[in-house]
Each structure stands twice: as C-alpha cells, then as structure tokens.
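Data first, discussion second: the structure below is written as structure tokens.
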C-alpha cells in the first residue's frame with residue numbers, strides 16, 4: 046500500500062491512518078503531513094457534532110423526538126416548522142434547506158443566526174420528506190443542545206463531551222469563530238485524535254449499541270434526495286444518510302439494506318470512515334482546496350482492496 050500511496054497523483058500531502066478491530070494500525074504520511082498536523086475540518090465535523098448531540102440523548106438531556114420550540118422561544122409551534130424533530134435535523138431532512146450567510150460570519154451571534162435560519166426558510170416541506178445536505182440542520186440542533194444543557198455556548202457542550210469521553214484533547218469548534226461556530230463544518234482537529242474518536246465510536250464507548258445503530262442506519266426512510274454533493278461528478282454516487290454521516294453504498298441507485306460502511310468527508314478532502322463489513326476504521330487527513338472533498342475518498346479507494354485484505358488478516 047505504501048508504494049501505491051506514495052505514487053498517487055493528488056493535490057496535497059496527506060496522512061492515512063487505519064485501525065482494525067484488534068488494534069493493529071496502518072499508518073502512512075506523505076510530504077509535510079503527519080498524524081499531529083492540525084487541519085480544518087469542513088464536513089468531517091458533522092459526524093463529531095452528531096455524536097456529541099447523541100451523547101446528550103444518551104444522558105437524557107435531549108430526545109430524538111424533541112422539537113426546536115421545546116428550547117427556542119422564537120421557534121413556531123405550528124405548521125411544518127413546529128413538526129421538526131431533532132431526528133430530522135440530524136438526518137438533514139428538516140426542510141431547512143436555505144443557508145444564511147451568518148453561519149460563516151465570525152462576528153454573528155450564534156442564537157441570532159439560528160433565528161435567521163428560520164427567517165430564510167419561511168415555507169418548508171413537511172419534515173422527513175426530503176434530504177438536503179446543508180449546514181442549517183446542525184446549527185439548529187446545536188442551539189437546542191446548548192439550551193437543553195443549560196450552558197452559554199456550543200464550546201461548553203463540546204467541552205462536556207471531551208471531559209466525558211477523553212476524546213479530542215486539542216480539537217475545537219472555532220470556525221468561523223468560537224462564538225459562532227459552524228457546527229456542520231467548523232472544527233480544527235488532528236488525525237491522531239480523530240482516529241481515537243472513530244475507535245471509541247466503533248467500540249461502543251461513546252453511544253449505546255441501540256443509539257449507535259440508529260446513527261449508522263439509513264434515516265431517509267424513502268425520502269428523495271434533493272441535494273447531495275456525492276451525487277455530483279467525479280464521484281456520482283448514491284449514498285444515503287444516517288445521523289451526521291453518510292451511509293455508503295456501491296450500488297447506483299442505492300441498494301444497501303444493511304449498513305456496511307459510513308463516512309463524513311469534508312470539502313477540503315479529509316475522509317473519516319468506519320468499515321463495518323471489513324472490520325476497520327480510519328481517516329485520510331488532508332487540507333486541499335475547497336471543493337476537493339472527493340480527493341480523500343479517492344486516496345482510500347486507491348488501496349481499498351489491499352486494505353480490506355490487511356484488515357481481514359487482523360481480526
């Protein structure tokens with residue numbers, strides 16, 4: 046695998062870390078990239094944010110059946126907005142498909158921006174009737190978590206998760222700012238600590254088996270896909286979605302009744318994944334140009350077969 050990865054044509058240096066169920070690791074770094082290099086997350090933070098929120102569900106602080114108006118005084122109680130549940134926000138089927146600019150404004154007020162999400166989405170379809178990949182859903186869910194936990198900001202919610210699990214010792218949700226973090230794409234992390242998160246998730250140390258099964262199950266329930274970046278060239282894949290992560294499927298159209306692999310690729314090309322079928326997990330850590338989200342997946346795909354064989358030998 047080393048030779049293949051060393052010769053691979055890709056736009057930036059990267060680190061690939063993988064680990065099997067028995068703890069055997071494969072590690073490869075190219076150029077200036079290392080397992081300790083700090084990277085901007087882009088959408089790799091979606092899987093993390095969903096796990097943070099689901100940990101609050103595990104603790105009874107939140108419920109998947111909760112509505113935004115249970116915690117947000119400005120949220121409507123009637124109509125499609127009032128029918129939104131936390132499960133719709135985590136599965137990107139809430140109908141809140143228009144993203145306001147404030148989500149990327151470091152000086153915006155976090156709660157005020159969630160109110161702007163509501164304003165920018167005055168007429169929405171019934172929750173659960175369409176999947177749309179956007180940052181809005183987790184921003185609303187994040188504020189629900191803040192209010193339910195009785196803290197002042199998302200940073201405290203994340204700090205509670207870090208203290209509870211011992212994970213992500215140096216990571217932070219600080220983009221575009223710590224005061225207005227983009228929950229769906231605003232982390233900094235290092236590959237080593239993201240691998241630790243994947244290990245804990247895979248081994249059932251973060252969520253109960255029942256909740257992990259929900260997180261990694263197809264949550265679209267037959268809802269059509271209105272927008273999916275993985276459907277675009279060059280990948281042109283038909284993946285579905287769980288809670289904060291992709292349900293991968295090689296078949297196009299989607300035909301995977303059981304989850305075999307999940308992931309949370311970011312727009313800079315980082316690609317964390319868990320492969321249940323072959324019994325390993327890992328991350329391609331890198332930070333290329335914006336809109337190079339396919340690159341990390343393609344790095345992994347270049348060694349997918351030998352990596353599956355490597356994992357099979359270490360179960």
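Numbering (the numbering used here), first residue to last: 46 to 360. Glycine is no exception: its CB is placed at the ideal position from the N, C-alpha and C atoms. Just so it is clear, the structure is predicted and the values come from calculations on it, not from any experiment.
- Contact annotation: residue 280 and residue 342 have beta-carbon atoms nearer than 8 Å.
- Boundaries of the beta strand (DSSP E) around residue 317: 316–320.
- DSSP places residue 157 in the helix class (H, G or I) of the three-state scheme.
- Straight-line measurement puts the Cα of residue 77 at about 30 Å from the Cα of residue 96.
- Rounded to the nearest whole angstrom, the C-alpha separation of residue 312 and residue 234 is 15 Å.
- Residue nearest to residue 277 within the set 353, 85, 201 and 338 is 338 (criterion: CA-CA distance).
- For residue 351, the secondary structure class from DSSP, reduced to helix, strand or coil, is helix.
- The residues 127, 129 and 130, in chain order, have a CB closer than 7 Å to that of residue 112 in the same chain once the five nearest residues on each side in sequence are set aside.
- Measuring C-alpha to C-alpha distances from residue 177 to each of 214, 164 and 137 identifies 137 as the nearest.
- In chain order, 206, 209, 210, 251 and 252 place their CB closer than 8 Å to the CB of residue 100, counting only its own chain and leaving out the 5 sequence neighbours on each side.
- Spanning the alpha carbons of residue 67 and residue 117 requires a straight line of approximately 44 Å.
- Per DSSP, the unbroken alpha helix (DSSP H) holding residue 338 starts and ends at 338–346.
- Excluding the 5 residues flanking it on each side, residue 165 has same chain C-beta neighbours closer than 7 Å at 143 and 145, in chain order.
- The shortest CA-to-CA distance from residue 333 to any of 315, 218 and 52 is the one to 315.
- Contact annotation: the segment 224–231 does not touch the segment 258–274, with fewer than three C-beta pairs closer than 8 Å.
- By alpha-carbon distance to residue 274, the top candidate from 336, 360, 50 and 170 is 336.
- Selection 168, 344 and 107 evaluated against residue 135 yields 107 as nearest (Cα-Cα).
- Annotation: the segment 102–163 contains the following complete segments of the alpha helix (DSSP H) (minimum length 4 residues), in chain order: 124–128 and 131–135.
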